[in-house]
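Asks:
Protein chains in written order, with the working numbering: chain A, 334 to 849; chain B, 334 to 849.
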């Protein structure tokens, strides 16, 4: 009933989050001695992930559920696999062509499930079925399939339907709906004040639809929903999990918590109490408890003392067993067929169909190679979409632009006296940052760049809400583009559109550098 | 007789150098139809590399030599494997303790060979046996084992001896010695004006030693050595390759060119002429010709016309065959034993023993968490030693320093008004940059930081020549450290020394962020 976090890399020296990812020796001990239910992985290439999942399964007493937060395809988290567009891109397409958007959602489910199996993942922590009806939401944002219950239900059921033929589990999250919060539950516990009627109208329908589509698991949100339980957050609420989800909505699959190390939980109770209360409330699987030994001991004590009945445990184990009978535990030995041409084509089509363009397009690069390619990202050390060969870097370089990459720690030092700046902003809702990285200071720097006519062209990758802000600042002539994607394919589509490049400008790079 | 370049990644979308790395479909065709001799790989994790080498061998008509430029262990180029210190660190140790330095060199050879085999590499393009007696050398620098013939010979023969028990090929490079040049042969053809006597005294002894130690191959330098051949560069010189290397030094192994796409060659002759002249001169293997089809056709025409004798080709093929009989072509299926504890211990010992420290150590971090951790690197997009968890980032963060990472494109925007700056400079000789990244403008920024007393502590990672410059600028009280390494282990040793941290400060990170 416990799923722990581990690095997707093979070796201890590669662990990126040492506070949450234990070394291999301890992980192996846990899997063998505690008989854990599964592992959630982050980081590494798809080749590493394949070996890693084989390794973990070999250590396990009972075959493991191997989960990953792959809401935008396996490539969102693991290099080499397909990185699909953010779900909200489909919502933009649905506004024009609902049938096409549903086709894309179905393909996203198919592609994600198929590639997950190839690298050894058998549990998709997707789709997000939250209705993102609050633009200030720092944590859901473009991870949602839309901002109305109808669109979200249509698209997420299509996603689940696409994944269904494959032996993987799907997850509807974050029950009963995390779309209308301005507090990031990674940091603190948000309170939702909506009445029961509103929750039933807006938040619940997509969960009802996912359940009727046969979703395998439901992930709980770390939220306090006063209309349903004035005391306990959802993850620990028997009224909500057993009362609403099991009895009222009739969900018979796996109830999994969101990560228990999130601030929304740890600030509420001790790790011991969290583990016991969650099980009492009706949870089947505890995701990322602070320490699995503590969690198991606490639950054991609660069973010994009669606080938790053994039948409560047995029922969860039966559900987990049933789920495990559905999935496969042995990935293939080869990755060479990981990415299908259809996966790439689907990504391109979605990005093309959700691209937004305005101003005097195409842009002419300055003839004297005097342009500056100013790229703004959130965190230079946590950026998996830029490299020497990615289009946002390589195409402007070919057109004579000088590269400058700044992040939130260096943006203030940016020169404010360079004409012919191509500004490329990569921004989306960022968990753990509170403000999604778009602070008043940042806005002031952009305003200065705009007021002094330094910006010649603008591309926003990610958040449509940031685009809205830029609209209020720029002239109607300024060439601009918006794309939901940040991955190389999105960059290529945006830049080829901005500069009207018909051929593959990257085929003849002008670089002498070959790497060593 | 031809070795082409390929990406170490599995999928075309991951190709980082599209000008030099062809897509898989074309690579597979080349290997099958042209019956190429081998591939030189760059990029990817060790897990990817293992699968990649299996894939390439499966495509080949004749089993392939798989080469890599792993002068500092497999981990220098491929993540997950051991990244060993730069050879020049051993030279610093040899000055105190020659026997210990030789032991380390032997272990470096062993570790590199063993890990190479585990990922499918069977040809080490190492050791560099050049004598780096010119501090302004932009391309050899700390890649050399020292600046005298005696030290270089001692250490490189020990390296070769360490690799010898393993079924991999070793390479002495760059014949007859690339240590005394100020021109980067990646960009242009350097001319060496030394007389025969000096070449025999300084440049040749380490090659003579490597040959008597049984090195498997010798790589040619793209240099014009007027004392030996007034007309042709080494790579194309029969007088030097056949006259000196084969006949005078008696080398019977493989003569391989340095990459033929380097500026030192391409500016000298057409690809067609380069291929033919190199073979005429006595080369057995052409490394990275612009296009293998052109190279093969040119050589074929030269054989048809009688310009190259068939016996010349046959002799090379016999040598290549002999070398291939020595190596293995089937890596194991698992990587889990890739890194031995001894490899990590060796790296740590070398770094400890070559660390330099001065000024008022230890440094006290400012109590109000007002410090700035200013990291200067060459290129933010080509930096494999910094990440959220690496000590240069994580340790100062724990001590309250705010991170700023700048590279040569953003250094000019750095704030010059921040007291309590911990300055960490990662710099070494960088091919393709000419000046090794240490320009007058860069020096001026450092001078301003020093003159205004903003620097509280200084760590140089890489070039001892840059350290020498800082000595002329800083006060004797300023705490400073120099380490040859840039990898995480070097960062950890340097920072723990600077702040006198005895326990593992990283074990309890203060970050809430867990990655998603």
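Every residue gets a Cβ at the ideal spot worked out from N, C-alpha and C, and that includes glycine.
Quick one: residues in its chain with C-beta nearer than 7 Å to the C-beta of residue 453 of chain B, no 5 flanking neighbours on either side, listed in chain order?
Replies: 382, 383, 386, 387, 399, 664
Asks: With 16 other CB atoms within 10 Å as the buried threshold, where does residue 697 of chain A fall?
Replies: Counting C-beta atoms within 10 angstroms of its own C-beta, residue 697 of chain A has fewer than 16 neighbours from the protein chains shown and is therefore classed as exposed.
Asks: State yes or no: is the beta carbon of residue 358 of chain B nearer than 8 Å to at least one beta carbon in chain A?
Replies: no
Asks: Can you tell me whether DSSP reads residue 706 of chain A as helix, strand or coil?
Replies: Here residue 706 of chain A sits in strand by DSSP.
Asks: Kindly examine the ligand SAH and report whether one of its heavy atoms sits closer than 7 Å to the Cβ of residue 673 of chain B.
Replies: Absence of the ligand SAH from the depicted structure is noted, as is the absence of any ligand whatsoever, leaving it without description.
Asks: Beta-carbon separation of residue 440 of chain A and residue 679 of chain A under 8 Å?
Replies: yes
Asks: Please list, in chain order, the chain A residues whose beta carbon lies closer than 7 Å to that of residue 715 of chain B.
Replies: 721
Asks: Grab the span of the beta strand (DSSP E) containing residue 808 of chain B for me, first residue to last.
Replies: Taken as a continuous stretch (DSSP letters only), residue 808 of chain B belongs to no beta strand (DSSP E), as it is neither H nor E.
Asks: Against residue 683 of chain A, what residues of chain B qualify as contacts under a CB-to-CB distance less than 9 Å, listed in chain order?
Replies: Within chain B, no residue comes near residue 683 of chain A; the closest Cβ sits about 16 Å away, beyond 9 Å.
Asks: In chain order, what residues of the same chain have a beta carbon less than 6 Å from the beta carbon of residue 340 of chain A, not counting five sequence neighbours either side?
Replies: 348, 354, 376
Asks: Hey, how far is the Cα of residue 475 of chain A from the Cα of residue 742 of chain A?
Replies: Approximately 24 Å, taken between the alpha carbons.
Asks: What's the C-alpha gap between residue 718 of chain B and residue 683 of chain B?
Replies: 18 Å
Asks: Note down, in chain order, every chain A residue with its Cβ under 8 Å from the Cβ of residue 821 of chain B.
Replies: 346
Asks: Could you give the uninterrupted runs of the alpha helix (DSSP H) lying entirely in the segment 516-591 of chain B, keeping only those of 4 residues or more?
Replies: 538-545
Asks: Starting from residue 432 of chain B, follow its DSSP beta bridges and name the residues at the other end.
Replies: In the DSSP assignment, residue 432 of chain B is bridged to no other residue.
Asks: Determine the closest residue to residue 522 of chain A out of A:389, A:361, A:556, A:436, with distance taken between C-alpha atoms.
Replies: A:556
Asks: Can you tell me whether residue 675 of chain A is helix, strand or coil according to DSSP?
Replies: Of the three classes helix, strand and coil, the one that applies to residue 675 of chain A here is helix, per DSSP.
Asks: Count the other CB atoms, across all protein chains shown, that sit within 10 Å of the CB of residue 539 of chain A; report buried if there are 16 or more and exposed otherwise.
Replies: buried
Asks: Less than 8 Å separating the beta-carbons of residue 608 of chain B and residue 632 of chain B?
Replies: yes
Asks: Give the interface partners of residue 353 of chain B over in chain A, defined as CB-CB distance under 7 Å, in chain order.
Replies: 847
Asks: What is the DSSP secondary structure of residue 794 of chain A, reduced to helix, strand or coil?
Replies: strand
Asks: Report the residue from B:761, B:818, B:729 whose alpha carbon sits nearest the alpha carbon of residue 789 of chain B.
Replies: B:729
Asks: Where residue 336 of chain B and residue 592 of chain B are concerned, what is the direct C-alpha to C-alpha distance, given to the nearest angstrom?
Replies: 10 Å
Asks: Here's the rule I'm using: 16 or more other beta-carbon atoms within 10 Å means buried, otherwise exposed. How should residue 654 of chain B be labelled?
Replies: With fewer than 16 Cβ atoms within 10 Å of its Cβ, residue 654 of chain B is classed as exposed.
Asks: Go through the segment 635-704 of chain A residue by residue and report every complete run of the beta strand (DSSP E) that reaches 3 residues or more, in order.
Replies: 689-691
Asks: Can you tell me which residues form a DSSP beta bridge with residue 815 of chain B?
Replies: B:689, B:793
Asks: Is DSSP giving residue 508 of chain B helix, strand or coil here?
Replies: strand
Asks: For the segment 620-638 of chain B, which residues have a CB atom closer than 9 Å to at least one CB atom of chain A, in sequence order?
Replies: 621
Asks: Roughly how many whole angstroms lie between the Cα atoms of residue 455 of chain A and residue 778 of chain A?
Replies: 45 Å
Asks: Thinking C-beta only, is residue 459 of chain A closer than 8 Å to residue 445 of chain A?
Replies: When the beta-carbon positions are compared, residue 445 of chain A and residue 459 of chain A come within less than 8 Å of each other.
Asks: For the segment 508-525 of chain A, enumerate the residues whose C-beta is nearer than 9 Å to any C-beta of chain B, in chain order.
Replies: 519, 520
Asks: Take residue 490 of chain A as the anchor and find which of A:437, A:805, A:590, A:801 has the nearest alpha-carbon.
Replies: A:437
Asks: Could you tell me whether the Cβ atoms of residue 533 of chain B and residue 467 of chain B are closer together than 8 Å?
Replies: no
Asks: Let me confirm a value: residue 780 of chain A is counted as buried when at least 16 other C-beta atoms fall within 10 Å, else exposed. Which label applies?
Replies: exposed
Asks: Can you check whether the C-beta of residue 761 of chain B is within less than 8 Å of a C-beta belonging to chain A?
Replies: no
Asks: So residue 692 of chain A and residue 422 of chain A are in contact, right, with Cβ under 8 Å, and what is the actual spacing, rounded?
Replies: Rounded to the nearest angstrom, the Cβ distance from residue 692 of chain A to residue 422 of chain A is 21 Å, too far for a contact under 8 Å.
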